[in-house]
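Visitor:
Protein chains in written order, with the working numbering: chain A, 49 to 423; chain B, 71 to 205.
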C-alpha cells in the first residue's frame, strides 16, 4: 500500500497545480489554431505540443525536465540556447529566398529598415517598465517579427526569457492577419492603398550570384555579431542561385530547415514550464510584443508615406508593413489589403522585396544590440 | 527604477538612436550597392574587353526594356485552356488559384497569360478580390 501511495504521489495528477492546467490550455489553443485555423501551423503545432510536453508535472530530480542537465529535452534544447537551430533555419530560409524583387527595386530596402524602428521603440518601453537592458533588447527584437532572430538574441542576452519571448514572437507572427490590416488601413487613405507599383525589371543571374556575397560583406562588416544568422542565410541563397549544388540547396530548404523547425518548436514549447513561464515578466513581454509588432508595422507604413513626399515615383505605403520579416505572412497581408482597395493591384512581389529586406534588417539589429550589450 | 529615469540610467536613448541610425545607414548603403549591381553584372557578362561605345549603349538602355514581352498568344485559345481549370472553383475564383492550377497543368508563361487576359477584360473582377470570366 505504501508503495502504491508513493507511486501516486509521483504521478502528474498528484503534482499538478492550476499553473499546469493554464499552460495545458494554452498549448491546446495553439494546437487548435494550427489545425483548425491554419495560423502558422508549421510553428504553432510543434510549439503547442511542446507546451503540453513541458507542462506534464514530474518529480524534480529524475532528469526529465528541459532545465534538468542530462535529460533528453535538455540536450535537444541546447540547439536553442546555443543559437544552433536559428542559424540552421536561416540556412534554409536563404535557400528558399528569391531576391529578384529586391534586386529589381532596391529602394524598397529602406522600408525594411524603417520597420525595425519597432525594435528600438520597444527596447525603450521595456527599459521604462523596469526590465534590465539585456532583457529589454531581447524583448525589443520581437518587433523584428522574426522568430529565429528573437530566439538567437535572447539565447545570447537573456536565456531565462527564451520561453516567453519565443512564444510571444511566434504567437504574434501567427496573428499577423489580425494585427497588421487594421494598422495599415488606419494609416493610409484608400487612394494610397490603390497606388500601383511599376512592373519590375528582370534580374540577371549574375546579379543574383553577386548579391549573397555583397550582402554578406556589407551587412556583417557593419554588425559582425549577425554572422551566425546572415552567414548561413546568404550561403543558403548562394547555393540556390549558383545552380551547381541543387542537391544541397534542396536539402537545406526542405529536410534541414524542417528538422530544425521541429526541434526548435518542440523545445521552445517545452521550455514554457509553468513555474518558469507564468510570471509577471511574461505578461509584460506579451504586452510589449504586441507594442513591438504594431510599432514596426506603423513605422514601415509611415516611412513609405514619407518616401512619397520626396520621390517622383510614388510607392504604395502598404508595402512598409511588409518590412517586418514575417515571411511570407506580412507580404501576403499587404497584398490582400491592396487587392481589397483595388482588385487589379498586385503588390505581392514588391511586398516580398520588403520582407527580404526585413529579414536582413532584423538580423543586423540583433547583431547591433548584441554588440551594444555583450560584456 | 522605471520610466525615463530607467532609460537614461541604462543609456537607452543613446543605444536606440545609434541602433536606428546604424541599421538605416547599413541598409541604405546595401540598397545603393544593389542598385548598382546590374552595372557590375553587365560588366562581368560582357567582359572587360568590350568596346566603350558598346558598354555605354547597354548603360543607356532603359531598364524597362529588359522586361520580357508577353508571348504573342491567341487569347481565345488561352481562355479555352484556362476556363475548364476554374470550373471546380465556382462562379468566381482567386487569381492565385487559377495561377496554381495553370502551373500544375504545365501551361507556359502562366503569369503573363493571366495578365494578358486581365488586361483584355477576358477575366473581370467579381469583388472581394475574386474574378470571373467575361461572358
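Every residue gets a Cβ at the ideal spot worked out from N, C-alpha and C, and that includes glycine.
Computed from a predicted structure; not experimentally measured.
Looking at chain A, is there any beta carbon in it that lies within less than 9 Å of the beta carbon of residue 108 of chain B?
Guide: Yes, residue 108 of chain B lies at the interface with chain A (some Cβ there is under 9 Å from its Cβ).
Visitor: Quick one: grab the DSSP three-state call for residue 23 of chain B.
Guide: This structure cannot speak to residue 23 of chain B, because chain B is shown only from 71 to 205.
Visitor: Got a sec: which bits of the region 79 to 95 of chain B sit with their beta carbon under 7 Å from any beta carbon on chain A, in order along the chain?
Guide: Here the close residues are 80, 82, 85, 86, 89, 90, 92, 93 and 94.
Visitor: Spatial neighbours of residue 140 of chain B within its chain, please: CB distance less than 6 Å, with the 5 preceding and 5 following residues excluded, ordered by chain position.
Guide: Annotation note: pLDDT 49 at residue 140 of chain B (below 50); position unreliable, coordinate value reported separately. Closer than 6 Å at Cβ, skipping near neighbours: 182 and 186.
Visitor: Taking the straight line between their C-alpha atoms, what separation do you get for residue 337 of chain A and residue 113 of chain B?
Guide: About 46 Å.
Visitor: Enumerate in chain order the residues of its own chain whose CB-to-CB distance from residue 287 of chain A is below 7 Å, with the five nearest sequence positions on each side excluded.
Guide: Excluding positions up to five away in sequence, the list reads 143, 293, 296, 297 and 300.
Visitor: Using DSSP with H/G/I as helix, E/B as strand and the rest coil, what is residue 52 of chain A?
Guide: Three-state DSSP puts residue 52 of chain A in a helix.
Visitor: Answer with yes or no whether the minimum CB distance from residue 112 of chain B to chain C is below 9 Å.
Guide: The question asks about chain C, but that chain is absent: this structure's protein chains are A and B.
Visitor: Short check: CB of residue 408 of chain A to CB of residue 96 of chain A, under 9 Å?
Guide: No. Outside cutoff.
Visitor: So for residue 124 of chain B, helix, strand or coil by DSSP?
Guide: Note on residue 124 of chain B: pLDDT 47, under 50, position unreliable in the model; the coordinate value appears next. Here residue 124 of chain B sits in helix by DSSP.
Visitor: If I measure Cβ to Cβ from residue 108 of chain A and keep anything under 8 Å in the same chain, skipping five residues before and after, which residues do I get?
Guide: Taken in chain order, the residues that qualify are 116.
Visitor: Ignoring anything shorter than 4 residues, give me the alpha helix (DSSP H) runs that lie fully in the region 168 to 222 of chain A, in order along the chain.
Guide: Taking only runs of at least 4 residues, the alpha helix (DSSP H) segments lying wholly in the region 168 to 222 of chain A are 181 to 188, 195 to 205 and 210 to 222.
Visitor: Expressed to the nearest angstrom, what Euclidean distance is found between the alpha-carbon atoms of residue 133 of chain B and residue 249 of chain A?
Guide: Confidence is the limiting factor: at residue 133 of chain B the pLDDT is only 49, short of 50, which leaves the residue's position unreliable and the question unanswerable from this model.
Visitor: Do you know offhand how far residue 171 of chain B's Cα is from residue 160 of chain B's?
Guide: Spanning the two alpha carbons is a distance of roughly 14 Å.
Visitor: So which residues of chain A does residue 72 of chain B contact, with C-beta pairs closer than 7 Å?
Guide: Those are 176, 177 and 178, listed as they occur along chain A.
Visitor: When you compare each of A:223, A:334 and A:418 to residue 377 of chain A by their alpha carbons, which one comes out closest?
Guide: Nearest of A:223, A:334 and A:418 to residue 377 of chain A, Cα basis: A:223.
Visitor: Is DSSP giving residue 328 of chain A helix, strand or coil here?
Guide: In the structure shown, residue 328 of chain A sits in a helix (DSSP, three-state: H, G or I).
Visitor: Listing by chain order, which chain A residues have their CB less than 7 Å from the CB of residue 103 of chain B?
Guide: Ordered by position in chain A, the residues that pass the 7 Å Cβ test against residue 103 of chain B are 262 and 266.
Visitor: Following the continuous alpha helix (DSSP H) through residue 123 of chain A, name the residue where it begins and the one where it ends.
Guide: Unbroken alpha helix (DSSP H) run through residue 123 of chain A: 120 to 129.
Visitor: Report the neighbours of residue 77 of chain B on chain A: residues whose CB is nearer than 7 Å to its CB, in chain order.
Guide: Within chain A, the residues near residue 77 of chain B are 172, 175 and 176.
Visitor: For residue 272 of chain A, count neighbouring Cβ atoms within 10 angstroms of its own Cβ and tell me buried if that reaches 16, exposed if not.
Guide: Flag for residue 272 of chain A reads exposed.
Visitor: In angstroms with no decimal places, state the Cα-to-Cα distance between residue 148 of chain A and residue 397 of chain A.
Guide: When rounded, the distance between both Cα atoms is 9 Å.
Visitor: Is there a Cβ from chain A that is less than 9 Å from the Cβ of residue 197 of chain B?
Guide: Yes, residue 197 of chain B counts as interfacial toward chain A.
Visitor: Relative to the alpha-carbon of residue 232 of chain A, which residue among A:62, A:58, A:385 and A:390 has its alpha-carbon at the smallest distance?
Guide: Among A:62, A:58, A:385 and A:390, the Cα nearest to that of residue 232 of chain A belongs to A:385.
Visitor: Just to confirm before moving on: does the CB-CB distance between residue 241 of chain A and residue 389 of chain A stay below 9 Å?
Guide: Cβ atoms of residue 241 of chain A and residue 389 of chain A: closer than 9 Å.
Visitor: Of all the options A:110, A:373, A:119 and A:208, which has the alpha carbon lying nearest to the alpha carbon of residue 426 of chain A?
Guide: Residue numbering for chain A in the displayed model covers 49 to 423; residue 426 of chain A lies beyond these limits and cannot be assessed.
Visitor: Exposed or buried, what is residue 289 of chain A when buried is set at 16 or more other beta-carbons lying within 10 Å of its beta-carbon?
Guide: So residue 289 of chain A counts as buried.
Visitor: Specify, as a first and last residue, the run of the alpha helix (DSSP H) that residue 313 of chain A falls within.
Guide: It spans 305 to 318 - the alpha helix (DSSP H) in which residue 313 of chain A sits, taken as one unbroken run.
Visitor: Could you check what DSSP says for residue 302 of chain A in three-state terms: helix, strand or coil?
Guide: Helix.
Visitor: Does the beta carbon of residue 352 of chain A come closer than 9 Å to any beta carbon on chain B?
Guide: No, no contact with chain B.
Visitor: Could you tell me which residues DSSP pairs with residue 202 of chain B in its beta bridges?
Guide: Residue 202 of chain B pairs with B:194.
Visitor: Does DSSP put residue 420 of chain A in a helix, a strand or coil?
Guide: DSSP places residue 420 of chain A in helix when its eight states are reduced to three.
Visitor: With DSSP as the reference, label residue 163 of chain B as helix, strand or coil.
Guide: Strand at residue 163 of chain B.
Visitor: Please identify, using Cβ separations under 8 Å, the residues of the region 341 to 369 of chain A that lie next to chain B, in order along the chain.
Guide: From the region 341 to 369 of chain A, no residue has a Cβ closer than 8 Å to chain B.
Visitor: Kindly say whether residue 97 of chain B, judged by its beta-carbon, lies nearer than 9 Å to any beta-carbon of chain A.
Guide: Chain A, which has a Cβ nearer than 9 Å to the Cβ of residue 97 of chain B, makes this yes.
Visitor: Would DSSP call residue 244 of chain A helix, strand or coil?
Guide: Residue 244 of chain A falls in the coil class under three-state DSSP.
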